Every structure is written in structure tokens, then in C-alpha cells.
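Numbering (the working numbering), first residue to last: 352 to 678.
Written out below as C-alpha cells is the structure these notes cover.
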Amino acid sequence: MSKSIKRRSLLKLFPAAALLPTFLTTQTLYGCAPKEVDGLNSIFISTWNNINANNVAAGSATEGNNVIDAIVDGISFVESDIKDMSVGKGGRPDRDGDVTLDACMMDHKGEAGGVCFMQHIEHPIQVAKEVMYSTPHVLLAGEGATQFAISKGHKKTDLLTEESKSQYKEWLKEKKYQPIPNIEQHDTIGMLGLHKGILGGGCSTSGLAYKLKGRVGDSPIIGAGLYVDGEVGACTATGMGEIMLKNLSSFLVVEFMKNGDTPQIACEKAIKRIADKIKGEKKDQQVGLLAIDVEGNTGGFSVLPGFTYAKTVNGKTEVVKCASFFS
Ligand code: SD4
């Protein structure tokens with residue numbers, strides 16, 4: 352079974368998201384019956400301007416898929432989009448010219464799965480879900496992750512594109528490792544969903560361009576790039592992964608929400624903690640945090656200006672501009 356999502360066939364279906372095919376299998380979420388939030392059937396939020404991904408996720412949920420499968424569908428769409436050069440196929444390579452992918456998922460029961468430093472597989476988010484539900488593990492890395500993906504029916508593929516190859520060739524002329532805020536750190540997709548009262552989240556990236564071989568960022572690490580507590584809320588992160596890894600930012604945001612903060616205040620507090628540590632020295636490093644609570648309230652905040660998120664409530668999408676700690 353090919354799990355590749357064809358961009359053109361999906362685009363043809365917009366905005367009639369309800370007509371989207373059920374292209375991925377449906378996972379039953381333990382027969383849990385949480386209360387449905389009044390008037391809110393589904394809400395999907397994702398980092399940056401990932402409007403299409405949200406629409407795919409919302410359409411998938413409308414089709415009857417649960418929140419995890421809807422998120423997998425939304426993120427898979429971006430992984431196949433070669434114009435997004437920080438996720439999946441078309442992602443910028445490491446310093447050796449190899450594309451290495453990180454992704455993770457977490458559900459409302461606290462189940463989690465991820466892959467990191469995985470090569471040659473177009474849909475790390477699907478593999479992350481498979482790690483979550485069909486292995487006793489949380490994280491598979493490198494060749495082991497690739498082999499696992501192949502064992503689950505994924506095909507090996509060349510993730511480089513003409514554009515990413517030509518940008519890499521240019522980069523080789525100077526070989527300077529200098530991530531640029533909101534340019535290079537702006538495409539990773541972290542998506543959070545609340546559908547029929549059930550929370551879930553996923554995150555997928557090719558990481559920072561021209562990173563050292565073997566570098567793994569926050570995106571596949573539970574607590575750093577993503578955290579979900581089905582009783583409280585969820586958070587996902589984007590930007591300079593090393594910062595989120597050192598601060599476990601997504602876990603921290605959910606913990607703040609658990610202690611009573613709104614998603615917005617929780618994101619602001621977690622960013623402040625980072626900004627206080629940075630103390631103005633590393634003002635070129637962006638971190639954006641995005642959160643949702645079980646009631647469907649959302650919030651987002653970043654270290655530097657420029658962070659946005661796409662928000663789709665009951666099928667209606669808008670892009671929200673976030674405030675930032677530094678101006
Ligand atoms: C990483 N956090 O690998 C990711 C990069 C990112 O938009 O968010 N890019 O550090």
C-alpha cells in the first residue's frame with residue numbers, strides 16, 4: 352500500500368475538505384469517551400502558515416478519522432510538498448548532502464513514538480505513529496528507523512530535489528553554518544488537534560539545514576518538540592531545536608497549563624524562561640511555541656518577531672500572528 356499523499360490530488364479537493372478520501376488507516380483510541388467541548392467539533396493548529404496541512408487534517412477528521420490520523424494526514428501532506436524545504440521530501444540536507452528526518456507523535460493517553468536521523472523515507476510522521484502503536488519503544492534512530500519503516504511498507508526514496516541540490520551546491524562554496532531566524536527556522540510543522548474532545552499532536556522536520564551529520568533537534572523528542580497531556584493540553588515547538596532540548600519547552604508549557612495558566616500565558620512564561628537565559632546574547636535564535644488546552648483555547652509566543660500559526664476551527668482557517676519577547 353502506498354502511503355504517499357499526492358499533492359495535486361489533494362489540492363484538487365480544496366476547499367471541499369469533506370470530500371477528502373480516507374487514505375490512511377484509522378486507529379481506534381482505546382474506546383475512551385471524553386466529554387465533547389460545546390460547539391467545537393474540531394480544532395487544528397500548526398506552526399507557521401501551514402494552512403493546507405490544517406485543511407487536510409480537518410478534512411480527514413470530517414471523514415471520520417480520529418485526531419491522530421487526521422494529524423498524520425495533515426503532516427504527510429507537507430512532507431510530500433517539495434516547496435517546504437524543512438520537512439520531508441525536498442528538505443535541505445546536512446553538511447554531507449544527506450537529508451535526515453526527525454518526527455514524533457503523542458496521543459491523549461500519553462502514548463508516544465518518534466524517529467530521528469532517518470533517511471530515505473518520505474513520511475517520518477507515519478513511521479512515528481507506527482513506532483507509537485506497534486512497537487514497545489518510543490524512539491527509533493538512523494538506519495534502524497529506516498529499516499523499521501521499510502518493514503511497515505514504506506518505500507526507500509531520494510529526498511533530495513533539484514532545488515535542494517542546487518542550494519546545497521551553493522552552500523558548499525562557503526560552507527558557513529549560520530541558521531537564519533524565521534527563514535531557515537520557519538518551516539517545521541508541529542500540529543496539535545482537538546477532535547471530539549480528544550487531543551493529539553505531531554511534529555516533523557528535516558531539521559536545521561547543513562547541520563552536522565547525526566544532529567538531532569527537538570522535533571522528535573517528547574517534551575522538547577511536542578508534548579500532549581490528554582487531560583490538560585498540548586504544545587509543540589519550532590525554531591532552534593537546541594534551545595528547546597535544553598529547556599524541555601513543550602513539557603514546560605503543558606506543565607504551566609496544568610497549574611492553571613491559559614495556553615497563551617503558558618507559552619509566554621516558557622519563552623520568558625528561555626529569553627532570560629539568552630540574556631540578549633543570542634538574539635539571532637528563534638523559538639516559537641504553540642499550545643492548546645482541552646477546551647480548545649490556543650496560544651502562541653516566540654523569542655523573536657515573525658512567528659505565526661495556522662488555526663482551523665470547525666473547518667474555518669485563519670493565520671494568527673504571535674507577539675514575541677524581543678521586538
Ligand atoms: C530543529 N526545531 O530541528 C527544528 C527546526 C525548525 O522550522 O523548527 N525549523 O531544530
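Glycine is no exception: its CB is placed at the ideal position from the N, C-alpha and C atoms.
Keep in mind the model is a prediction, meaning the values are calculated, not measured.
- Any chance you could list the beta strand (DSSP E) runs of at least 3 consecutive residues sitting entirely within the stretch 430-463, in chain order? If only uninterrupted beta strand (DSSP E) runs of at least 3 residues are considered, those enclosed by the stretch 430-463 are 452-458.
- Please name the residue in K667, V664, Q636 and T668 whose C-alpha comes closest to that of F658. As a working mapping, residue 658 is identified with position 307 in the sequence shown. Cα-wise, what sits closest to F658 is Q636.
- Just mark T486 as buried or exposed, buried being the case when its beta carbon has 16 or more other beta carbons within 10 Å. For the purposes of this step, residue 486 is taken as the residue at position 135 of the sequence shown. Exposed is the call here.
- Item | Residues near I426 in its chain [Cβ-Cβ closer than 7 Å; skip 5 each side] | On the sequence shown, position 75 is the one that residue 426 refers to. Only A404, I476, I540, M542, G553 and S555 meet the Cβ criterion.
- Between T423 and the rest of its own chain, which residues show a CB-CB distance below 7 Å, the 5 nearest in sequence each way excluded? Here residue 423 is taken as the residue at index 72 of the sequence shown, counted from 1. Just to set this straight, residue 423 is Val in the shown sequence, not Thr. Residues of the same chain with a CB within less than 7 Å of the CB of V423, apart from the 5 flanking positions on each side, are L375, I476, Q477, K480 and G553 in chain order.
- Message: Quick check on Y561: buried or exposed, where buried means 16 or more other Cβ atoms within 10 Å of its Cβ?
- Response: Indexing the sequence shown from 1 puts residue 561 at position 210. So Y561 counts as buried.
- Query: Closer than 8 Å: is that where the CB of S397 sits relative to any heavy atom of the ligand SD4?
  - Reply: Sequence index remark: in the sequence shown, residue 397 carries index 46 (1-based). Checking every heavy atom of the ligand SD4 against the Cβ of S397, none is found closer than 8 Å.
- Relative to the C-alpha of K440, which residue among I616, M483, L510 and A674 is closest? Along the sequence shown, one-based indexing puts residue 440 at 89. The shortest C-alpha to C-alpha distance from K440 to any of I616, M483, L510 and A674 is the one to L510.
- Item | Residue range of the unbroken alpha helix (DSSP H) whose run includes E414 | Position 63 of the sequence shown, counted from the start, is the residue given in the question as residue 414. Under the DSSP assignment, E414 falls outside any alpha helix (DSSP H); it carries neither an H nor an E label.
- Task: Work out the CA separation of D569 and S437 for me, nearest whole Å.
- Result: Here residue 437 corresponds to residue number 86 of the sequence shown, with the count starting at 1. Here residue 569 corresponds to residue number 218 of the sequence shown, with the count starting at 1. C-alpha separation (whole angstroms): 14 Å.
- Item | Touching by the beta-carbon criterion (3+ pairs, under 8 Å), the stretch 504-524 and the stretch 467-475 | Three or more Cβ pairs closer than 8 Å define a contact, and the stretch 504-524 meets that threshold against the stretch 467-475.
- Does the beta carbon of D627 fall short of 8 Å from some heavy atom of the ligand SAH? The ligand content of the structure shown is limited to the ligand SD4, which means the ligand SAH is not among them.
- Query: Around the C-beta of V670, are 16 or more other C-beta atoms found within 10 angstroms, so that it is buried, or is it exposed?
  - Reply: The residue labelled residue 670 in the question sits at position 319 within the sequence shown. Burial call: exposed.
- Item | Bridge-paired residues (DSSP) for L511 | Here the question's residue 511 lines up with position 160 in the sequence shown. In the DSSP assignment, no residue is bridged to L511.
- Message: Could you give the first and the last residue of the continuous beta strand (DSSP E) run that contains D580?
- Response: In the sequence shown, counting from the first residue as 1, residue 580 sits at position 229. Taken as a continuous stretch (DSSP letters only), the beta strand (DSSP E) holding D580 covers L577 to D580.
- Message: Counting C-beta neighbours from all protein chains within 10 Å, is the total for L563 16 or more, i.e. buried, or is it exposed?
- Response: Here residue 563 corresponds to residue number 212 of the sequence shown, with the count starting at 1. Using a 10 angstroms sphere on the CB of L563, the tally of other CB atoms stays under 16, which defines it as exposed.
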